[in-house]
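Residue numbers (my numbering): 27 to 354. No residue lacks a Cβ here, since even glycine has one placed at the ideal position from N, Cα and C. Remember, it's a predicted structure, so these values are computed and weren't measured experimentally. Presented below is the structure to which this report refers.
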């Protein structure tokens, strides 16, 4: 039974990492909310796998209950996975219609599961617990395989889009979800071939890779963390510095105040972070938005600023800029 303790430990570590990341992340957009829903499903699944592994190791009598709950989280996870793909592609490529179809399919799977028609019993092997297919087990396998293929197809179509922002986002989501989809489809194929395969080992690892890939996305569209104490202090300093610049202006022209304030905020953030992404995170805006403001105020393209990873050349302090505007 020591093997089950190791499996439980893997699931516990995976659930802890996901929980910490989700706790630190903020959900301000629909895309980030879709990520949060999927993450919560994965955390519940890992937690149930951990509790179930401990129950098996201690030879408890209610192990089947935990295993049934893990099965339930599998088809809930697939529906969350599809929703994440639909939101990532901005609901294009008939994504909402596909999601409604699979939602109805998921409800059917849940009804069959609750009626005992999905799984007859469970077999305990040396390293995992294998479900013995019931009369309508093929409905469950079809849902899992179809959901994985539908999610992949939607993201591939998004990656081939002519819209650069949509294409880049879809590519990142496709890379992140590929290990999860590969594990699910791989287990289904092996089960159809007669092997006693299970997701208990590979899926917690694949779902952790999913989070890691999204965390490495420099645009921060999927996961955006709360500011650290240092960043909060930096924002406080930038605000008061900008107010001091505005107070030094002799003119009260609202257009001049707006441009000076915006330029001062952008310049201060770039000075502090020395890079587009860091400055964008500090200001709480998208990377593309900050890039356009850098180009507007300093005549430096987004690509050039990112390549040199430094404050745009030729940027004059905000106070000097305000004095120049007044002299004109």
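Residues near residue i in its chain [Cβ-Cβ closer than 6 Å; skip 5 each side]
i, result
"residue 118", "none"
"residue 333", "Reliability of the predicted coordinates at residue 333 is poor, the pLDDT of 44 falling under 50, and no value is obtained from them."
"residue 61", "248"
"residue 36", "230"
"residue 34", "76, 79 and 80"
"residue 40", "72, 230 and 234"
"residue 198", "243"
"residue 312", "none"
"residue 42", "none"
"residue 184", "115, 192 and 196"
Neighbourhood of residue i by C-beta distance below 7 Å, restricted to the same chain and skipping five residues each side
i, result
"residue 96", "71, 74, 75 and 78"
"residue 171", "211 and 214"
"residue 88", "81"
"residue 121", "112, 115 and 180"
Contacting residues, own chain, Cβ-Cβ under 8 Å from residue i (five flanking each side not counted)
i, result
"residue 216", "223"
"residue 64", "103, 106, 107, 109 and 110"
"residue 208", "232"
"residue 46", "none"
"residue 94", "139 and 145"
"residue 48", "62, 65, 66 and 69"
Proximity below 8 Å, CB of residue i to CB of residue j
i, j, result
"residue 68", "residue 173", "no"
"residue 181", "residue 234", "no"
"residue 169", "residue 138", "no"
"residue 200", "residue 236", "no"
"residue 83", "residue 38", "no"
"residue 189", "residue 113", "no"
"residue 376", "residue 136", "As shown, the chain starts at 27 and ends at 354. That puts residue 376 outside it, with no answer to give."
"residue 260", "residue 308", "yes"
"residue 176", "residue 128", "yes"
"residue 134", "residue 160", "no"
"residue 288", "residue 265", "no"
Candidates the options: closest to residue i by CA position
i, options, result
"residue 291", "272, 210 and 154", "272"
"residue 293", "324, 313, 310 and 274", "324"
"residue 90", "125, 158, 134 and 123", "158"
"residue 239", "264, 263 and 206", "206"
"residue 167", "124, 98, 122 and 149", "98"
Does the structure place the segment 222-241 close enough to the segment 149-168 that three or more beta carbon pairs sit under 8 Å? yes
Starting from the N-terminal side, write out each stretch of the alpha helix (DSSP H) that is 4 residues or longer and does not extend beyond the segment 83-141. 89-114 and 121-140
My parser needs the beta strand (DSSP E) runs of 3 or more residues fully inside the segment 166-237; what are they? none
Uninterrupted beta strand (DSSP E) stretches inside the segment 37-82 (no shorter than 3 residues): none
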